[in-house]
Amino acid sequence: MVDDPLAAHLSAHYDLGFERDRLFRDGEPRLELTRTLELLDRFLPSAPARLIDVGGGPGAYAAIWARQGYDVHLYDVLELHVQQAQQASDAQPEHSFTAQVADARSIPEPDASADAVVLLGPLYHLTEPAERAAALLEAWRILKPGGVVAAVGISRSSALLDGLWRGWLGYPVFRAIAERDLVDGQHRNPDPIRYPQWFTTAYFHRPEELVAEVKDAGFDAVSLLGIEGPGWLMQEHWSDPDRREQMLLAARAVESEPTMSGLSAHLLAVGTKPGAVQPG
Ligand SMILES: C[S@@+](CC[C@H](N)C(=O)[O-])C[C@H]1O[C@@H](n2cnc3c(N)ncnc32)[C@H](O)[C@@H]1O
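What follows is the structure, encoded as structure tokens:
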């Protein structure tokens, strides 16, 4: 693992092994995966393009993008996730991708070499603004002019909403976590081994903060989209086709509505590295 004080928190949480299947139920993509793919499909350059998946975890997205014909390179700070991603790649030899340990702030890719960089995870766990800025500047460095960055943050009020829906706000320990999230975005689980469902050390974004961070790293044309919409709070209905359609309808209906984006569990900011060569 890369030597970093954060790595201990990450290992304590992710070594429990939940991450590999988190995005699926009975082998089917859940709301977060469905919507993230749907949104990124609009913004990513067409395949084949060089796509760098930073914080790619066990490789659920990388495997899908590789099957779509992208030239995918996954980096993650955790050895376990890199091994799992390698297994996912080995399971589809016709559509393989590479997986390597690296920190989002130092990715071993040449300058101006990628068509797209996706960060679906590192900004959650880089809890200080300067750390998140370093990861976004690294994305900027490795992107070609005109390349696309897609950066996801966890919503500031996600613990409050999740706790409300599940009744966890009745637990003083959880209530304190959710209340602090709302004050400064710093999500801290005092006992991540006992309560892994309450996540680990993280930063939870306001929508406008995520946009500002991506712009401050030098990206243009930054769009902000709510990923799941309000339906993530009723995911027990996801297996009902009619309710599933309603969840997707609701997510699409409010994805760009500023007063509603914070209701999603995850926020997506997409921007472009300036300087694309104009055709003709
Ligand atoms: C919630 S998981 C998301 C995994 C995957 N991208 C997804 O969306 O399903 C967050 C991932 O970010 C990784 N991560 C956190 N901080 C990182 C950093 N500084 N550099 C690289 N990866 C990081 C974690 O190890 C973990 O695999």
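Here our numbering is used: the first residue of the sequence shown is 21, the next is one more, and so on.
Virtual Cβ for every residue (Gly too), placed ideally from N, Cα, C.
Since residue i contacts residue j with CB under 8 Å, what's their CB separation in whole angstroms?
{"i": "residue 245", "j": "residue 265", "result": "The Cβ separation is near 19 Å, so there is no contact."}
{"i": "residue 79", "j": "residue 142", "result": "That pair is no contact at about 15 Å."}
{"i": "residue 171", "j": "residue 156", "result": "7 Å"}
{"i": "residue 278", "j": "residue 240", "result": "Residue 278 to residue 240, Cβ: 19 Å. No contact."}
Report whether the distance from the Cβ of residue i to the nearest heavy atom of ligand 1 is below 6 Å.
{"i": "residue 140", "result": "yes"}
{"i": "residue 288", "result": "no"}
{"i": "residue 37", "result": "no"}
{"i": "residue 301", "result": "As displayed, the chain neither begins before 21 nor continues past 300, which places residue 301 out of reach and without an answer."}
{"i": "residue 91", "result": "no"}
{"i": "residue 98", "result": "yes"}
{"i": "residue 181", "result": "no"}
{"i": "residue 253", "result": "no"}
{"i": "residue 29", "result": "no"}
{"i": "residue 101", "result": "yes"}
{"i": "residue 115", "result": "no"}
{"i": "residue 257", "result": "no"}
{"i": "residue 145", "result": "yes"}
{"i": "residue 76", "result": "yes"}
Consult DSSP for residue i and reduce its assignment to one of helix, strand or coil.
{"i": "residue 86", "result": "helix"}
{"i": "residue 292", "result": "strand"}
{"i": "residue 63", "result": "helix"}
{"i": "residue 97", "result": "coil"}
{"i": "residue 269", "result": "helix"}
{"i": "residue 277", "result": "coil"}
{"i": "residue 104", "result": "helix"}
{"i": "residue 48", "result": "strand"}
{"i": "residue 21", "result": "Note that residue 21 has pLDDT 45, beneath the 50 cutoff, so the model's placement of it is unreliable and the number below is only indicative. It is coil, neither helix nor strand."}
{"i": "residue 112", "result": "coil"}
Does the Cβ-Cβ distance between residue i and residue j come in under 7 Å?
{"i": "residue 203", "j": "residue 291", "result": "no"}
{"i": "residue 98", "j": "residue 181", "result": "no"}
{"i": "residue 177", "j": "residue 282", "result": "yes"}
{"i": "residue 77", "j": "residue 101", "result": "yes"}
{"i": "residue 62", "j": "residue 134", "result": "no"}
{"i": "residue 188", "j": "residue 253", "result": "no"}
Using the Cβ count rule (16 or more neighbours within 10 Å means buried), how would you classify residue i?
{"i": "residue 159", "result": "buried"}
{"i": "residue 257", "result": "exposed"}
{"i": "residue 42", "result": "exposed"}
{"i": "residue 151", "result": "buried"}
{"i": "residue 68", "result": "exposed"}
{"i": "residue 163", "result": "buried"}
{"i": "residue 104", "result": "buried"}
{"i": "residue 124", "result": "buried"}
{"i": "residue 129", "result": "buried"}
{"i": "residue 199", "result": "exposed"}
{"i": "residue 192", "result": "exposed"}
{"i": "residue 213", "result": "exposed"}
{"i": "residue 136", "result": "buried"}
{"i": "residue 50", "result": "buried"}
{"i": "residue 23", "result": "Here the model assigns residue 23 a pLDDT of 49, short of 50, so the residue's position is not dependable, and the following value carries that caveat. It counts as exposed."}
{"i": "residue 224", "result": "buried"}
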